[in-house]
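Peer 1: Residue numbers (UniProt numbering): 1 to 1203.
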């Protein structure tokens, strides 16, 4: 008590990059160590004397270490969301972080056994954690807002955030006594014997005031208040003396502390004047502790400083301490190696870190085989007493038996690169004689087709196991980039897939769903025919994307322009709709897709809405809505009919016509309005409602559509907030219904699995035979795929399991009531669903979007789409399999069971799309605009502030309107938005991880037909961009900084959509594009041009059995005697050169010398190393005899272009 405390030393973390406020300190009662934790989750230990660093580790990821507890087994650290136990050397014993650890604050050991830990915080339950297993053994309810825990032999003291202290029985954990120590909140408490000491805050005049007293209580029988301890500077931390039971250490945040004897205040005896000590800190005190020997103190502050005080020169941390384990010091070997020394004298490398071979034997544990997963039926019916659960045996397996797992054999699913396939074709002996071509003259695909992506598992009718073709597909890159990837391996259908190497490509599944909604496709295509002034219009980009998918014929497409326009919308960023740049396994794509669906439908509605001028396309639209008071439903005089304006085309097609009414509970004032929600969000039954969890899909859908709830809202009549009844009444039914069905947690997902179809017993024999036939599958191509799909349909058609998800259901509106009923396929429709189209509708499932997660893979989205047979030209398709899977660029037929079965936990439904069976008869799409606006081709528009008064191009006149077959020369230049990502392999070669992201910067189009303006450009547009450009690629593009800036550019500057639309018009008009390397240009522009409209000089001047493709510069130098691209590139010059080369080709073809000229070009290129030089120095050797032989025996030089 009367000893004088003096500072021994203070330390700070020397690593400035890791400095953060200290949040917890604790003296080790077994070793001469001090444990320190900070706000960034790092735990360090220091020697008791000298405070040198002993160990350090990152215990929690960027979370505050709120408490450290040291036992003989190890060190336990607590953060808000995790608990971790390590030994003193830093090896992890266990770590716990789950949904039960939400906001932890404190912990203490139980008094009954030394093997349990009590953990509590600002959460609903207190947790009992086993120190041996690191798992929660039981939970204690009604123990929330606890910030301090202390243990006594006969009770557990818990201090809450509300200033209350409760004493609980250590066996039952029931509250035995309560005391309201402080009126506001509690900052600290400690117990010793029968004494309870607390400090905290009081509520005075609406603000928190620190109590200047340490309150003292006697807790022997009933809680009795004793004389408090005055502490004028405000007590913040308390610690009872480890050897003197009535002495305590009190400290404030400002750095003052004192030792006080409580007994002298209680007995009223004379007490010496309080002796205060001041810590020389520049910050505030955050933690303190006293050692078990009571000879040294430690304080920590917010500036990451730790201060040590002692009452004597030679002090000890503990009365008896165990020796510390110190690292072995390895003396480095001193070996002198001379020139004549043998190689055997060179020793092994010196390792600074211990090898795995020296792992201590006492840290090796026999874990055995992985336990079998518990059956879902058992988990569903399990009952728990304490920490033991029991449930009836479902009888699936015999006692003490474990189901045998089939050994999976990994197969190589990836295709070969196209360059590898061409190399194999060229090496074959029959290439030059045309043996490698099919009847159409196209090279055959080498390697396996898409059937090798996955097999149809007939023995799994409920699709418990995920088929391989649902796995995440990724694009592989060779040195030739993405063009070398064989997309045809994954798609043998006539429908185009969408690529994935673009940010936010999770939208691909929903874009495919929208494409197969024919009325929406018609609306989008009609929209792009008109003039749209908005730069980043999603409906325009959707129309352009639909046109690409229509022309794809199985070729892969990419939604680059749509996703780029989507990424420019600030509302989408605010809603968190953008995919993170780094993959996150915890990201729920199901929730992301549901939010994207709502946003995109509302965005397209706003872009298509023309107030008071919307065309009426739906015959089922309710034009007059009757608003009726609830109290006067039988009185027609009280009702009022409100005529409605024609809503947008999106509202007519997707909108659920709803009357939303709000009625004030005080004045009975009712306000009604008509809304058109585009998406129905499914509301699942609550967790504890077991009876309702067996409800059908249609009953849940009805409860989600027809809502009535009570809330507080502002009443304009009462001019205050009043209880309000809100009700939504369905007045009209949409043509296409979108349902957000994503299960946000495991309980909601369980509804889909437990209510799904069961495996039909009668189909087991058929499935076994079918599976036996599939065992001989060996990548037989798409024909085998069709055969297995047909076999699967035949095998399951014997006894198809019923699905919880209805394939068809009916809705009819009966006044304010809504009736929804599942209607099995093939059965007669009840008469109540045959009413007028305004009140009755029958819906069939058209598509689903699923979140798929395979083992040890990140989640992704796929879509399953029902394509009517009438819309396909594939007459060989089996009639029972109209469903297709769109897994990004993987497209294939699937079984019906894969759509309606949700027994497997590998998939979760995100979005469902139902379509009215009579939709085609209810819509009149002829009223939409059908006249294409070509004025864009005849106008010279620019957004530059100071454009060039004398541009290099002359826009088309109306007399020059392009026609099918009109020749135009084109070239484009690009800039880089993102550099390519590469890695160096162990053999020193460079591997391409992701190619650079390019965007269109300039496009030039020249007149190609003979005439007075031959070779004169009519388009020379520079593209304005708001995205940051990392590289202008000036050497290859000719673009410099400022060319694409609206304020600085001297060129014709247009938005990307305007330049794209000009090219789209030329493609639709049937123009033939001439250029050099057009496939890559069109790919980056993101436009799909039919092959018959492309003349590429790269392919004209190329021999198929040669690897080299000749550059435009070399061709111009050798054939045209021109020196182009000497310093930089010019798109007009390049396009004009390509046009002249095509004309030259026609001349050579007419003269019959093209083969000889082509051979001379290759010979000259080899001699000049494909670099332009003095042409006279290159001797040309005629190879006419060889060429004549080749031309007569092979179509090698037959190009197929017009002559």
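Here a beta-carbon is modelled for each residue, glycine too, at the ideal position from N, C-alpha and C.
1. Answer yes or no: the CB of residue 180 versus the heavy atoms of the ligand FAD, is any distance below 8 angstroms?
2. What three-state label does DSSP hand residue 954 in the structure shown?
3. What's the C-alpha gap between residue 523 and residue 926?
4. Considering only C-alpha positions, which residue in the set 672, 615 and 661 is nearest to residue 651?
5. Taking residue 331 as part of the alpha helix (DSSP H), name the residues at either end of that continuous run.
6. At a cut of 8 angstroms, does the stretch 273-282 reach the stretch 304-318 through at least three beta carbon pairs?
7. With a 10 Å radius around its C-beta and 16 neighbouring C-beta atoms as the bar for buried, classify residue 1043 as buried or exposed.
8. Which same chain residues end up closer than 6 angstroms to residue 727 when comparing Cβ atoms and leaving out the 5 residues on each side of it in sequence?
9. Compare the beta carbon distance of residue 64 and residue 39 with 9 angstroms and say whether it is the shorter of the two.
10. Closer than 7 angstroms by C-beta to residue 180: which residues in its own chain qualify, once you throw out the five before and the five after it? Chain order, please.
11. Between residue 387 and residue 395, what straight-line distance do the alpha-carbon atoms span, to the nearest angstrom?
12. My output table needs one value for residue 943: the three-state DSSP class, helix, strand or coil.
13. So within the stretch 524-573, which uninterrupted alpha helix (DSSP H) runs reach at least 4 residues, ignoring any that extend past its ends?
14. Apart from the five residues on each side of it in sequence, which residues of its chain come closer than 7 angstroms, Cβ to Cβ, to residue 225?
15. With distances taken Cα to Cα, identify the nearest neighbour of residue 884 among 275, 1052 and 469.
16. Excluding the 5 residues flanking residue 646 on each side, which residues of the same chain have their C-beta closer than 7 angstroms to its C-beta?
17. Return the CA-CA distance between residue 416 and residue 499, expressed in angstroms with no decimal places.
18. Beta-carbon separation of residue 602 and residue 546 under 9 angstroms?
19. By the three-class DSSP mapping on this structure, what secondary structure does residue 1095 have?
20. Write down the C-beta distance between residue 35 and residue 68 rounded to the nearest angstrom, noting that I regard them as a contact closer than 8 angstroms.
21. Round the Cβ separation of residue 1213 and residue 865 to the nearest angstrom and send it over; I've been treating them as touching at under 8 angstroms.
22. If I follow the unbroken beta strand (DSSP E) through residue 713, where does it start and stop?
23. For the beta strand (DSSP E) containing residue 724, name the first residue and the last one.
24. Under 9 angstroms between the Cβ atoms of residue 4 and residue 353?
25. Is it a yes or a no for the stretch 1107-1125 touching the stretch 1148-1163, going by three-plus beta-carbon pairs under 8 angstroms?
26. Out of 975, 846, 621 and 1051, state which residue places its alpha-carbon closest to the alpha-carbon of residue 941.
27. Exposed or buried, residue 158, counting other C-beta atoms within 10 Å across all chains shown (16 or more means buried)?
28. Taking DSSP as the reference, what is the three-state secondary structure of residue 240?
29. Among the residues of its own chain, which have a CB less than 7 angstroms from the CB of residue 53, if the five just before and after it don't count?
30. Which residues in the same chain have their Cβ closer than 7 angstroms to the Cβ of residue 233, if we skip the five residues on either side of it in sequence?
31. Check the C-beta distance from residue 501 over to residue 528 and give it rounded, since I have them as a contact under 8 angstroms.
32. Among the candidates 109, 1085, 92 and 82, whose CA atom is the shortest distance from the CA of residue 98?
33. What separation, rounded to the nearest whole angstrom, lies between the Cα atoms of residue 300 and residue 220?
34. What's the C-alpha gap between residue 886 and residue 1069?
35. Do residue 579 and residue 684 have their beta-carbon atoms positioned less than 9 angstroms apart in this structure?
36. Taking the alpha-carbon positions, what's the residue 1014 to residue 1109 distance?
Peer 2: Checking against the coordinates, here is how it stands:
1. The ligand FAD is not part of the structure shown, which contains no ligands of any sort.
2. Collapsing the DSSP output to three states places residue 954 in coil.
3. Residue 523 and residue 926 have their C-alpha atoms roughly 10 angstroms apart.
4. Residue 651 has its Cα closest to that of 615, out of 672, 615 and 661.
5. If you look at residue 331, you'll find it isn't in any alpha helix (DSSP H); DSSP assigns it neither H nor E.
6. Inter-segment contact for the stretch 273-282 and the stretch 304-318 is present: three or more beta-carbon pairs are separated by less than 8 angstroms.
7. Within 10 angstroms of the beta-carbon of residue 1043 lie 16 or more other beta-carbons, which makes it buried.
8. If we look at residue 727 and ignore the five residues flanking it on each side, its Cβ neighbours are 661 and 708.
9. For residue 64 and residue 39, yes; Cβs fall inside 9 angstroms.
10. Taken in chain order, the residues that qualify are 163 and 164.
11. Whole-angstrom Cα-Cα distance: 24 angstroms.
12. Here residue 943 carries a coil assignment [DSSP, helix/strand/coil].
13. List check, alpha helix (DSSP H) in window: 538-552 and 560-567.
14. If the five residues before and after residue 225 are omitted, its C-beta is found closer than 7 angstroms to the C-beta atoms of 217, all from its own chain and listed in chain order.
15. Taking only the C-alpha atoms, the option nearest residue 884 is 469.
16. Apart from sequence neighbours up to five positions away, the residues of its chain that approach residue 646 with a beta-carbon distance below 7 angstroms are 614 and 616, ordered along the chain.
17. Between the alpha carbons of residue 416 and residue 499 lies a gap of roughly 18 angstroms.
18. No, Cβ-Cβ distance for residue 602 and residue 546 is not below 9 angstroms.
19. DSSP, reduced to helix, strand and coil, places residue 1095 within a strand of the structure shown.
20. Approximately 5 angstroms separates the beta-carbon atoms of residue 35 and residue 68; this is inside 8 angstroms, confirming the contact.
21. Here the chain has residues from 1 to 1203 only, and residue 1213 is not among them.
22. In the DSSP assignment, residue 713 falls within the beta strand (DSSP E) that extends over 708-715.
23. Counting along the chain, the beta strand (DSSP E) containing residue 724 begins and ends at 720-732.
24. Contact: no.
25. The count of Cβ pairs closer than 8 angstroms, one atom from the stretch 1107-1125 and one from the stretch 1148-1163, reaches three, so the stretches are in contact.
26. It is 1051 whose Cα lies nearest to the Cα of residue 941.
27. Buried: at least 16 other Cβ atoms inside 10 Å.
28. Of the three classes helix, strand and coil, the one that applies to residue 240 here is strand, per DSSP.
29. For residue 53, the CB contacts under 7 angstroms within the same chain, skipping 5 residues up- and downstream, are 44 and 46 in chain order.
30. The residues are 252, 254 and 256.
31. Not confirmed; about 26 angstroms, so no contact.
32. Per the Cα distances, 82.
33. Approximately 34 angstroms between the Cα atoms of the pair.
34. Near 31 angstroms, if we compare the C-alpha coordinates of residue 1069 and residue 886.
35. No, they are not a contact pair.
36. Roughly 28 angstroms between the two C-alpha positions.
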